[in-house]
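Engineer:
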Amino acid sequence: TVNENLKMSAPLLSRFDLIFILLDTVDEVLDEHLSEHVIAQHSGRHSQVRRAQARQNLHAYYNEVDADGRALEDATERAFTQDLRDDAAPYVPLRSRLRVVDEAMEILSHDVMRKYISYAHAYCHPRLTGEAAEILQTFYLELRSRAPADGTPVTARQLESLVRLAEARARLELRTEVTANDAKDAVEVIKASLIDALSDQHGRLRFNRAGGKSTKRSKTKLFIEAMNARTASNDSAYFSIGDLHALADDLNLGIADIDGFIEGLNIAGELLKCGRLYKSASASSAETPGKRRR
Numbered sequence: 001t002v003n004e005n006l007k008m009s010a011p012l013l014s015r016f017d018l019i020f021i022l023l024d025t026v027d028e029v030l031d032e033h034l035s036e037h038v039i040a041q042h043s044g045r046h047s048q049v050r051r052a053q054a055r056q057n058l059h060a061y062y063n064e065v066d067a068d069g070r071a072l073e074d075a076t077e078r079a080f081t082q083d084l085r086d087d088a089a090p091y092v093p094l095r096s097r098l099r100v101v102d103e104a105m106e107i108l109s110h111d112v113m114r115k116y117i118s119y120a121h122a123y124c125h126p127r128l129t130g131e132a133a134e135i136l137q138t139f140y141l142e143l144r145s146r147a148p149a150d151g152t153p154v155t156a157r158q159l160e161s162l163v164r165l166a167e168a169r170a171r172l173e174l175r176t177e178v179t180a181n182d183a184k185d186a187v188e189v190i191k192a193s194l195i196d197a198l199s200d201q202h203g204r205l206r207f208n209r210a211g212g213k214s215t216k217r218s219k220t221k222l223f224i225e226a227m228n229a230r231t232a233s234n235d236s237a238y239f240s241i242g243d244l245h246a247l248a249d250d251l252n253l254g255i256a257d258i259d260g261f262i263e264g265l266n267i268a269g270e271l272l273k274c275g276r277l278y279k280s281a282s283a284s285s286a287e288t289p290g291k292r293r294r
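Residue 139 in full-length UniProt numbering sits at position 139 of the sequence shown, with consecutive numbering throughout.
(1) Would you tell me roughly how many angstroms separate the C-alpha atoms of residue 43 and residue 280, rounded to the nearest one?
(2) Please list the terminal residues of the continuous alpha helix (DSSP H) segment that includes residue 123.
(3) Can you list, in chain order, the residues of its chain whose CB lies under 6 Å from that of residue 54, leaving out five sequence neighbours each side?
(4) Decide if residue 158 is buried, meaning its Cβ has at least 16 other Cβ atoms within 10 Å, or exposed.
(5) In whole angstroms, give me the CA-to-CA distance for residue 232 and residue 277.
(6) Per DSSP, what are the beta-bridge partners of residue 142 in this structure?
(7) Please tell me whether residue 162 and residue 178 are closer than 8 Å, where the distance is taken between their beta carbons.
(8) Here's the rule I'm using: 16 or more other beta-carbon atoms within 10 Å means buried, otherwise exposed. How should residue 154 be labelled?
(9) Compare the C-alpha of residue 298 against each of 237, 283 and 247 and name the closest.
(10) Compute the Euclidean distance between the alpha carbons of residue 241 and residue 220, then round it to the nearest angstrom.
(11) When you compare only the Cα positions, how much space is there between residue 97 and residue 145?
(12) Leaving aside the five residues before and after residue 172 along the sequence, list all residues of the same chain whose C-beta is less than 8 Å from its C-beta, in chain order.
(13) Run through the DSSP bridge pairs and tell me what residue 177 is partnered with.
(14) Can residue 108 and residue 183 be called in contact, C-beta distance under 8 Å?
(15) Using alpha carbons as the reference points, say which of 21, 111, 282 and 27 lies closest to residue 227.
(16) Report back the beta-carbon spacing between residue 262 and residue 251 to the nearest angstrom; my notes put them in contact at under 8 Å.
(17) With DSSP as the reference, label residue 20 as helix, strand or coil.
(18) Out of 113, 180 and 18, point me to the one whose CA is closest to residue 92's CA.
(19) Among 218, 140 and 125, which one has its Cα closest to the Cα of residue 175?
(20) Checking the sheet assignment: what are the DSSP bridge partners for residue 271?
(21) Give the range of the alpha helix (DSSP H) segment to which residue 15 is assigned.
(22) Looking at C-alpha atoms only, which residue of 26, 105 and 275 is the closest neighbour of residue 52?
Below you can see the structure in the form of structure tokens.
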């Protein structure tokens, strides 16, 4: 889950406005285009044609494989009852508007972008319109109603995140008001983030995926308690890897990857590794003769 990979609690994770999962998957075509793009950026002043060609190849690749993006749009609409496109005024999804269709477009320099963003941040302070506020509130209430008690909590922070994103969308175009389309763009980004972080292997949204640690937490507690009990009844507080495997089998925890489970406990600080031996961090700190920590 996201929590387990980041080593963050669900309440702390809920403070982030957006979470996107970056996966390094092997793709021979993409790897070739990316490597060509990186090399072209370091090929000197006289390689503008090469850089342009590399960028064009990347854009063409992303547009060609954008069926995944359309599938994501379908998944988000299936996952939520609020349909942003079912409106009297047609709404073109943000993802569709971000697709590269004009290779001759003018690219703004970093310096211009910095000045633009600084100006927008200093002088543009958009306010929510009633229509935009209704869209954001409707989506937030749906999130709130669907989040389980044992998963990542949905609190007023998520509503504040929606407002911030909608305001940022309006500020990007130097508008003084947050329009309905700004709010819809913010909702679309949040939806994509949720689908990315909380969907299962079948594309279904599982709100308890981000915080699904209750079962693992109970197994950890049983395992550490059993270690402490054996430490109290034996002369040694130290366990070999074989001892830990045997203990897990005795407890019948049903853990497929025992080595991974033990390594996770060590990283989390529940187990202390002393050479080739392990010790419970909550056990007595007294050293066993001949078994000094290194």
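Glycine residues also receive a C-beta, built at the ideal position from the N, C-alpha and C atoms.
Structural biologist: Judging by the given coordinates:
(1) 55 Å
(2) 110-123
(3) 36, 37 and 40
(4) buried
(5) 17 Å
(6) None, per the DSSP bridge assignment.
(7) no
(8) buried
(9) Residue 298 lies beyond the stretch modelled for the chain, which goes from 1 to 294, so this question has no answer here.
(10) 16 Å
(11) 31 Å
(12) 120
(13) 127
(14) no
(15) 282
(16) About 13 Å separates the two Cβ atoms, so there is no contact after all.
(17) coil
(18) 180
(19) 125
(20) 280
(21) That residue, residue 15, is in no alpha helix (DSSP H); it is neither H nor E in DSSP.
(22) 105
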